[in-house]
Structure formats: C-alpha cells, structure tokens
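Data first, discussion second: the structure below is written as structure tokens.
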Amino acid sequence: MEILAKINKNSNKNKEETFTRLYRYLLRPDIYYTAYKNLYANNGAATRGVNDDTADGFSEDKIVKIIASLKDETYQPNAVRRTYIKKTNGKQRPLGIPTFTDKLVQEALRMVLEAVYEPVFLDCSHGFRPNKSCHTALASISREFSGIRWFIEGDLKSCFDNIDHAVLIGLISKKVKDARLIQLIYKFLKAGYMEDWQYCATYSGVPQGGVISPLLANICLHELDKFVMTTLKSEFDRPSERRYTLPYYALRNQLAQLKRRINRASGTERQQLIDKHKYTRSMLIKTPAKSQTDKKITYQRYADDFLLGINGSHEDCLWIKNRLSDFISSSLRMELNMEKTLITHSNQYVRFLGYDIRVRRDSKIKPIRGINRCTKRTLLSTVDLSVPFEDKIQKFIIDNGIAKIRNGILEPVHRPVLLNCTDLEIISIYNAELRGICNYYGLASDFYKLSYFGYLMEYSCLKTFANKYKCHVSGVLRKFREGKGRWGVFYDSKAGRRYMYFAKYSDGKKAKRPVDLMFDAAKAYGYTRTTFEGRLKAKSCELCGTTGSSRYELHHVNKVKNLKGKNPWERAMIAKRRKTLAVCWECHYEIHDRRVLVDRAAMESRILGNR
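For the sequence shown, the working numbering gives the first residue as 18, with consecutive numbering after it.
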C-alpha cells in the first residue's frame, strides 16, 4: 500500500508522467490479501461465475498459483457468466459475473491503475471514484449551475457494452508503458461470456459486474471530460459585455439620484421623493438584472450520464449537442443516445441522479442575513433540487407493499413477507429503508415532503407488528413505547440491554457528508499484516486446532444469520460471528463434501481431541 501511495503521489505531482514496470506489483502476495479483504464482505463474493470458484477456499496456495501464472504469463481469465436484471423502463440489463479468482486479479489490477489515474481524473467526474458519489455531483450542480439558462441531459448508448477495445487500450498505453500489464487488460477484455452454456466472444465493451469495469469506463470517458472542459469550453465561453441590462442600469441611476435629492429635501417635497423612491425600487425589483450577454458551459458527469448547463441560446445548445455527438463517434467510437440527450430550459425540471433539478425564477424579496435594512431576491437564479415523490418514493412504497392506494390516498398496510422475522429484524429493515431514502434526498429543498413517507413507513411497521401479535396498533405502541414519546424494540447485547428506536425521517437532513469516506490505507496496512494473512500464516485450524496440515484455507459463507448451528463448523462461525473460518484442508473437505456422509460424531471427537 505504501508503494501504491507513492505512485499516487507521483501521478498527482506530474499529470503527464508515464509509468513503467507496474506489472511487478501484481506479483506481490500482500496485494492479494488486501484485494481479498476488499471483496470478501460483498454479497457477490459467494456468487458463482462459470464454475464453483468463490471467496470460499481462499488460501496461500491460491495466491501462489495466481502469481506463478502471472509471472510466466500463462494466466488466462475465464469467461464471465451472463445474467440479466430488469431496468426501470422494463428492459433487461446484462451483467457479467467473473469467477472469484478473476475478481482477485481484477481488484489487484484496479488498485494499481487507480493509483495512477485517480489524480489525473477531473473534478467533474463523480462515478465509481473514492471520495466521490451522487451527492458530490449534486452538490457541484447546486453550486455551479446558478443562473444557467439551458440544460443538456447527456446519455451514452449502452456505454459499458460499446466501449471500443482498441480505443481503450490506446488510451491506457499513453499513460502506462508496460506491455505485460496492457496484455493482461487485453485478456480480460477478450475473455468472452457464457450465456445458456454457450460461449460468446466479446468484440467490444466491458462486462457490467466486473471489478475493473467502472475504472476502465472512467479512463475512456475521461477523454470526454477533457474535451468539454478544455476544447469545447475554450471555443464557447465568452465574458459578459456588461453586467446589467440597460433598463436596470437606468433604474439604478434614477434611485441614486433620488437618494441624493432626499438627503437635501425637507417637508412635503421629501415625502414625495420618498414615495417615488419606493415606486422606483419596486420597478427595479421586477426588472431583469443580468444582461445575459455572456456564454458559459458547466458540466458534471456520473458514469455514463452527464449534465451540461449552458448560458446561451437554443441554437448554441444544438451546436454543442452536435459537437458532442461528433467527438463521441469519431474519438471514442461510441454513440450519443439522441433520444435521451434532451435540451431543456432551466425553468423546467430535468431528472438527474434521481433528483428533479431546475433553476428558480423567483423574485421574492428577503432580508439579507447579517445586514440590516437590506433586501435581495435571494432565490432568483439559484438551483432547486427536488424530491420526485410520485415517480420515485411513491413507486418504492407501492412496489414493496408498504402502502396501497385507496380512494386516491396512500394507506399504510402490513407486510406479510416480514411476519416470520424477529422484532429486531422487522424494525431494522424499516429503519434501513427509511434512512437510506431520507439520507439520499437530504440535499433536496423540499425535504419536508418525506415527512409523509416517514409516516407511511412507521405505521406500516406498526401494522406489521399488530398483524404478527394479533392486536391493534395501540396495543403495539403500549408494548414497545419506552416512555419518552418514542417507541422501539429491546434487545440484549454484551453491554447489556439496548433499545432500537424507530428512525426519524428528519435525521436524513442532518446527515453530514453522505459520501464514502476513504482512510489512509498506507498507514493502516503499511507495517502490519492483514487479518486474513495472519490467520492463514498462523498454520492453525480454527475448527479442529491442528497445526500439522499441509494446507490451510478460508471457508466463506454469505451470511452468518443463515447458519443453523447443526454442524460443528456452523457453531464455530456463529460463536466467532465471522463469515470466514481459517481451516485445514481436511476440515474444509469434510465441510463441503456432499458425496460422502460425514461422521459428525467422529468430527466432533477429533475437534475436542485436538483442543
């Protein structure tokens, strides 16, 4: 990790620097322990690709074999398993699921390439980057799109599926001068996919679901960022000829003259001048101030979706849209989705990253905070981020059976699928859903709309408990109310009895920096072994305790709560509260072998004997 931190530092100092001999870092065992640490906790770690290779069975021998195949360049990635998930528009999104060994190598490769490219990427790129998220993109739009007159909603047609391999390899070769690393990336691109057990070759694109795919897409789309922020911006941007409109200038001068005359006048004449000053001031407030003689482009991108703000005419927007289409087709060999790339006036809402966005045209006068007797149109030309309640929130509520529409009104109902869960699991599910949506829409100016969502969630939870215990909602409140006006569920922990309250929707508004925070990995891992490395190098089976085995492996399960505790290894994992167990290969064989009936009593006696 120290080496990667140095690479990142060098790339940050010199943006044009090229890097050589990066392939050798993939031959270090420590990078694969870190890669396993990054991957094992994901739900997809136990998902199979084209074979039975998963996070289960990770060992030193696996790392040795990977490094040996990379060293002699015989490593060949497996084809990914093609599956489909449904999109919101009813279409199917193809996903490619690699084997876990390929995920390990991809994660190690991603760590190396990210150290090189992360300092190079522009601030307008927010997708799949450390310390970047949808919220950073929306905060940048709220800050930089003030006064914008037009929106261009950009979308690339099947971006991940249509990335040209020759273009991508050419872009990486400009920054990375390492033939072996380029060859490894090329192998992943050409690995192909299996669909219905039929092998299909890949001629373009990167598989959605691959560990390294988002980074490769960002490397390709970085060229689009540079084109917009340098070439297009330098061609289009033009400073304003004057700051204010001529009528606004005239009214301001008239107000200044009236103010001087008021200071010199007295009696009836002074009162007449004051009345004229008030009238002129009211006319000034209604008069457009900005001259709108400037031209400017602002731009933010998240993955393959991007939003441009244009100060200019509708003809300028058409020109920019054509320039973007020409650049994307000629330089990136991709296609701009003309159906989804729309030009919209900024006083109308556009949908971006799940928010409705517009620029306000509000002339309400408000006093400026901290300045006495001074008013301003504080909301004029500012960006408004709104919650799309009907399209997003209401759809979520109905699809998940939280409420039903009766007589045109949403009415909370119980959720039968949760009746077999424990009380703690039920309230945890509701809290997670409520906090997730409210935290995401914490930037919205109309956040208050989510109070209704919070009410529906709370009473759906209460009705679920009422249905479970065959009582009324009032009985549930008497059972779970703590006495301070809130209600929740008791549970026991090592620290004693705890209380899980039902979440408040308003906590989402108070969430600070709702973005993935990165820590200094070099300091955390530079001088210490990872947990998995230490457990494997201890040469001791955590199940039977033997220290004389020839090989030790990590047994992995998807969720601890799914274990029943019927077998010794299940009881051991439940007691340790871990998803992984470092075991000898003999115990691992007995855990997985389905062809031979394992003598449970003999296994338990062997475990007790070794202990």
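For glycine and all other residues, C-beta sits at the position ideal for the given N, C-alpha and C.
Residue i classed as buried or exposed, judged by whether at least 16 other C-beta atoms fall within 10 angstroms
i	result
Ser150	buried
Val223	buried
Asp533	Legend: pLDDT at Asp533 = 35, less than 50; position of this residue unreliable, value from coordinates given subsequently. So Asp533 ends up on the exposed side.
Asn31	exposed
Gln365	exposed
Leu451	buried
Ser251	exposed
Tyr486	exposed
Ala512	exposed
Ala520	buried
Leu44	exposed
Glu499	exposed
7 Å CB neighbourhood of residue i in its chain, flanking five on each side removed
i	result
Leu272	His294, Thr297, Arg298, Leu301
Arg340	Leu249
Lys526	Gly459, Phe464
Arg197	Tyr40, Glu90
Gln309	none
Leu268	Thr297, Met300, Leu301, Thr304
Ser342	Leu353
Distance between residue j and residue i (C-alpha atoms, nearest Å)
i	j	result
Ile24	Ala132	6 Å
Ser363	Ala592	58 Å
Thr262	Arg375	23 Å
Tyr57	Lys108	31 Å
Glu407	Val434	24 Å
Ile345	Phe413	35 Å
Thr35	Pro111	35 Å
Thr481	Val574	30 Å
Gly305	Asn27	This sequence places Pro at residue 305; Gly is not what is there. Near 49 Å, if we compare the C-alpha coordinates of Asn27 and Pro305.
Ala483	His489	5 Å
Gln93	Leu473	52 Å
Ser491	Leu353	56 Å
Lys466	Arg568	58 Å
Ile158	Lys338	19 Å
Ile314	Phe253	7 Å
Tyr516	Tyr508	6 Å
Ser37	Asp195	Residue 37 is actually Thr in this sequence, not Ser. Roughly 5 Å separates the two Cα atoms.
Cys478	Ala449	12 Å
Leu233	Gly226	12 Å
Leu87	Pro115	18 Å
Arg350	Phe323	18 Å
Gly551	Ser76	12 Å
Val184	Ala218	18 Å
Three-state secondary structure assigned by DSSP to residue i
i	result
Ser398	coil
Pro384	strand
Leu325	strand
Val16	Summary: the structure shown does not reach residue 16, with the chain confined to residues 18 through 628, and so no result is reported for it.
Ser308	coil
Gln109	strand
Asp213	coil
Thr4	With the chain represented from 18 up to 628, any question about residue 4 goes unanswered, as that position is not in the structure.
Phe162	coil
Pro264	helix
Arg41	helix
Asp73	coil
Same chain, Cβ closer than 6 Å to residue i, five either side skipped, listed in chain order
i	result
His143	Lys149, Thr153, Ala154, Tyr319
Ala632	Because the chain in this structure spans residues 18 to 628, residue 632 falls outside the shown range and cannot be described.
Close beta carbons around residue i, own chain, < 8 Å, minus the five adjacent residues each side
i	result
Lys540	With a pLDDT of 30 at Lys540, under the threshold of 50, the modelled position of this residue cannot be trusted, and the question is left open.
Thr564	Lys556, Ser557, Cys558
Lys421	Ile415, Leu427, Glu428, Val430
Gly582	Arg588, Ile591
Val137	Ser28, Lys32, Lys192, His239
Met246	Leu139, Cys141, Tyr316
Contact check, residue i vs residue j, beta carbons under 7 Å
i	j	result
Ser403	Asp373	yes
Thr358	Gly171	yes
Phe168	Val367	yes
Cys176	Tyr316	no
Val122	Tyr42	no
Arg73	His572	In the sequence as presented, Arg is not what sits at residue 73; that position holds Asp. Yes.
Gly10	Ala96	Only positions 18 to 628 of the chain appear in the structure, and residue 10 is not among them; the question remains open.
Asp440	Val493	no
Tyr49	Ile20	no
Arg423	Leu396	no
Arg127	Ile199	no
Ile419	Phe470	no
Asp125	Ala22	Here residue 125 is Ala; the residue named in the question, Asp, does not match the sequence. Going by C-beta atoms, Ala125 is not nearer than 7 Å to Ala22.
Closer than 7 Å to chain B by CB, residue i
i	result
Ala449	You won't find chain B in this structure, because it holds only one protein chain.
Any non-hydrogen atom of the ligand MN within 6 Å of residue i CB
i	result
Leu130	Among the ligands in the structure shown, none appear at all, so the ligand MN cannot be discussed.
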